[in-house]
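Just add 5 to wherever you are in the sequence shown, counting from 1, and you've got my numbering.
Every residue, glycine too, gets a C-beta built ideally from N, C-alpha and C.
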Amino acid sequence: MGLDLLTGQVPVYILVSIRFLGLFYVAPAIVGASFPVPFIFWLSVFMSMIVVPLMGGTVPTVLFSGILPLFLAGAREILVGIFIGFFSACPFYVLQVAGRMIGTSMGLAMVSVLDPISQDEESIIGQFQILVGLWFFLYWNGHILLVRAVLESFRLLPIGGMGLAVASDMGLAKWAGDLFVMAFMMSIPFYGALLITDIGLGFLARTVPQMNVFILGLPIKIGLGIFLLMVLLPVMVGILHDRIEPFLRLALIGLGAWR
6 MGLDLLTGQV PVYILVSIRF LGLFYVAPAI VGASFPVPFI FWLSVFMSMI
56 VVPLMGGTVP TVLFSGILPL FLAGAREILV GIFIGFFSAC PFYVLQVAGR
106 MIGTSMGLAM VSVLDPISQD EESIIGQFQI LVGLWFFLYW NGHILLVRAV
156 LESFRLLPIG GMGLAVASDM GLAKWAGDLF VMAFMMSIPF YGALLITDIG
206 LGFLARTVPQ MNVFILGLPI KIGLGIFLLM VLLPVMVGIL HDRIEPFLRL
256 ALIGLGAWR
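Written as structure tokens, this is what we have:
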């Protein structure tokens with residue numbers, strides 16, 4: 006027994022489960038912090054039982070001649086899963102950053118709530134946008150798209166390889182800049198409208214010095230910000246819809262060179 010067991014199908018199920026475990030740890034709507042660890046674990050095992058029969062082939066037995074190669078292969082698989090999950094979560098990071106910028110411009114920088122996903126404090130506007138984004142993500146069957154991306158990753162980066170290389174044509178620097186530009190473009194209408202409001206309040210303060218524009222301005226800015234949020238929310242949701250698949254495609258491009 007012993008090492009003979011490592012040459013069977015058991016390592017295949019283990020490694021496929023580990024790849025899904027890495028995905029579920031950071032993927033939107035299934036992120037590990039918002040679900041109990043046993044649930045994430047058994048969900049990964051369940052997915053491996055579905056996926057392995059679809060793979061058709063077996064893992065090269067030479068790879069698992071000992072515990073150390075199996076351990077290294079497991080570390081590689083969890084990195085692949087995290088890689089896919091991170092790129093799938095990037096549009097939600099855009100919503101989060103845009104929400105923080107919008108909340109700051111509305112005067113709600115100090116108003117924060119506990120984010121059930123990251124277990125961190127988050128601005129109330131950012132949290133609202135993330136929850137709306139997650140709802141639409143599930144409505145668009147984004148979770149199915151994630152599973153398809155993982156299945157495609159088994160073709161691009163099959164179980165059993167050991168190489169780790171970064172794709173040179175991914176344009177990571179430009180991609181990171183585009184994330185910030187997207188968040189900034191989402192918040193520009195709020196900054197513009199609230200800047201005009203501040204200018205109007207400044208004129209009002211000069212015209213009627215007896216009026217306390219600070220007390221008057223806060224509810225006006227909050228009300229205007231909420232109104233703009235309701236008007237522009239479909240646009241933000243549309244941006245999210247258009248970006249989920251390209252980000253997953255970018256992750257698969259990276260995996261194609263990760264051999």
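_Selection from I89, S117, V42, I107 that minimises the alpha carbon distance to I231_ = Counted from its first residue, the sequence shown places residue 231 at position 226. It is I107.
*Under a three-way DSSP split, which group does V218 fall into?*
Taking the sequence shown and counting its residues from 1, one reaches residue 218 at position 213. In the structure shown, V218 sits in a helix (DSSP, three-state: H, G or I).
_Based on DSSP bridge pairs, tell me the residues matched to E157._
Locating residue 157 in the sequence shown gives position 152, where the first residue counts as 1. BP columns for E157 are empty, so no partner.
*Using three-state DSSP, classify V213 as helix, strand or coil.*
Numbered from 1 along the sequence shown, position 208 holds the residue referred to as residue 213. It is coil, neither helix nor strand.
*Simplified DSSP state of V118, which is helix, strand or coil*: Position 113 of the sequence shown, counted from the first residue, corresponds to residue 118. The answer is strand: DSSP assigns V118 an E or B state.
_Member of M54, P163, F219 whose CA lies at the smallest distance from the CA of V86_ = To locate residue 86, count along the sequence shown from 1; it is residue 81. One point to set straight first is that residue 86 is Gly, not Val, in the sequence displayed. Looking at the Cα atoms, P163 is the closest of the given residues.
*Assign G131 to one of three DSSP states: helix, strand, or coil.*
Indexing the sequence shown from 1 puts residue 131 at position 126. DSSP places G131 in helix when its eight states are reduced to three.
*What separation, rounded to the nearest whole angstrom, lies between the Cα atoms of C95 and R105?*
The sequence position of residue 95 within the sequence shown is 90, counting from 1. The sequence position of residue 105 within the sequence shown is 100, counting from 1. Their Cα atoms are separated by approximately 15 Å.
*asked:* Three Cβ pairs or more, each shorter than 8 Å: is that satisfied between the region 205 to 220 and the region 123 to 139?
replied: no
*Report buried or exposed for P16, applying the criterion of at least 16 other Cβ atoms within 10 angstroms of its Cβ.*
If you number the sequence shown from 1, residue 16 lands on position 11. Buried, by the Cβ-count rule.
*asked:* Counting beta carbon pairs with one atom in the region 153 to 161 and one in the region 76 to 83, are three or more of them shorter than 8 Å?
replied: no
*So F92 and M52 are in contact, right, with Cβ under 8 Å, and what is the actual spacing, rounded?*
Counting from one through the sequence shown, the residue named residue 92 turns up at place 87. Counting from one through the sequence shown, the residue named residue 52 turns up at place 47. No, F92 and M52 are not in contact; Cβ-Cβ is about 19 Å, not under 8 Å.
*What number of angstroms, rounded off, separates the C-alpha of S2 from the C-alpha of T202?*
Outside the displayed range of the chain (6 to 264) lies residue 2, so it cannot be described from this structure.
*Measure the alpha-carbon distance for A188 versus P43 and round it to whole angstroms.*
Numbered from its first residue, the sequence shown carries residue 188 at position 183. Numbered from its first residue, the sequence shown carries residue 43 at position 38. A straight line joining the alpha-carbon of A188 with that of P43 spans about 35 Å.
*Is the CB-CB distance between I135 and L184 below 7 Å?*
As a first step, residue 135 must be located in the sequence shown, where it is residue number 130. As a first step, residue 184 must be located in the sequence shown, where it is residue number 179. Between I135 and L184, the CB-CB gap reaches or exceeds 7 Å.
*Compare the Cα-Cα distances from L139 to each of H246, L20, Q14, R254 and report the closest residue.*
Along the sequence shown, read from residue 1 onward, the residue named residue 139 stands at position 134. For L139, the nearest C-alpha among the options comes from H246.
*asked:* Can you give me the C-alpha to C-alpha distance between P58 and V21, rounded to a whole angstrom?
replied: The count along the sequence shown starts at 1 and reaches residue 58 at position 53. The count along the sequence shown starts at 1 and reaches residue 21 at position 16. Taking the straight line joining both Cα atoms gives about 11 Å.
*Determine the closest residue to L151 out of P41, R254, F46, with distance taken between C-alpha atoms.*
Within the sequence shown, numbered from 1, the residue matching residue 151 stands at position 146. R254 is the residue among P41, R254, F46 whose C-alpha sits nearest the C-alpha of L151.
*Go ahead and pull the three-state DSSP assignment for I164.*
For the purposes of this step, residue 164 is identified with residue 159 of the sequence shown, where counting begins at 1. Of the three classes helix, strand and coil, the one that applies to I164 here is coil, per DSSP.
*Among S192, I149, G222, the one whose alpha carbon lies nearest that of L238*: As a first step, residue 238 is located in the sequence shown; it is residue number 233 there, counting from the start. Nearest option by C-alpha distance: S192.
*Report all residues from its chain with a CB closer than 7 Å to the CB of T109; omit the five preceding and five following residues, and keep chain order.*
Position 104 of the sequence shown, counted from the start, is the residue given in the question as residue 109. Cβ neighbours of T109 beyond the five flanking positions: none.
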